[in-house]
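Working notes for the structure below.
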Amino acid sequence: MYQLKRTQLVKTDIATCWDFFSSPHNLAKITPASMGFVVKTEIPEKMYEGLMIEYTVKPLLNIPMRWVTEIKTVRDHSFFVDEQRVGPYKIWHHEHHFKDLGDSVEMTDIVSYELPLGFLGRLMHGLVVRKKLDSIFAYRFEVVEKLFNQ
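As structure tokens, then:
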């Protein structure tokens, strides 16, 4: 199992930060266009535990792939967790944590994941997958900086 952890300071109040990141409508705004990210299901303004969201993504070679995530846990203004139900990973568990610092919010993402295909999956992780995830989260960092920290 692999883990990716990223922390970012967001210069806004907890309510504004939570409203932005807990809205499924904003996912495309913080995802690189190269991922071909398209939400396929009707989604509410606010997430809730048990919400299933279906997407199409193009993570490799511009080949479209179905991805379904479930919102497993929601604690308003504190954290939420999404888990893959259908998609490219054997396991995908993504924790989104929000710590109110008064005039800003410390936002931490922790992604625990495992690839399918045993040795081939481990090889692909080292060659492609980890770099792709790093670039996606770097893109997200830059977008958040432009939206909130200018």
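Residue 17 is where the sequence shown starts when you use the working numbering, and the numbers rise one by one after that.
Ideal Cβ placement from N, Cα and C applies to all residues, glycine included.
Expected contact under 8 Å - CB spacing of residue i and residue j to nearest Å
i	j	result
Ala44	Phe53	5 Å
Gln24	Val160	6 Å
Asn165	Lys27	5 Å
Ile39	Lys62	Per the sequence shown, the amino acid found at residue 39 is Ser instead of Ile. Between Lys62 and Ser39 the Cβ distance is about 7 Å, and since that is below 8 Å, they are a contact.
Phe114	Ser94	6 Å
Ile30	Val121	5 Å
Burial state of residue i, where buried means 16 or more other Cβ atoms lie within 10 Å
i	result
Ile79	exposed
Asp119	exposed
Phe96	buried
Val144	exposed
Met123	buried
Asp98	buried
Tyr71	buried
Tyr64	exposed
Ile69	buried
Ile107	exposed
Leu133	exposed
His112	buried
Leu117	exposed
Leu131	buried
Backbone secondary structure at residue i - three-state DSSP
i	result
Ser128	strand
Ile69	strand
Leu25	strand
Tyr64	coil
Met81	strand
Leu20	strand
Glu58	coil
Lys174	The structure shown does not extend to residue 174, since the chain is modelled only from 17 through 166, so no value can be given for it.
Asp150	helix
Asp167	The structure shown does not extend to residue 167, since the chain spans only 17 to 166, so no value can be given for it.
Lys162	helix
Pairs of beta-carbons, one from the stretch 75–86 and one from the stretch 98–111, closer than 8 Å: are there three or more?
Contact holds: three or more Cβ-Cβ distances are below 8 Å.
Length at least 3, wholly inside the stretch 100–125: the beta strand (DSSP E) runs in chain order:
Qualifying beta strand (DSSP E) stretches, in chain order: 107–116.
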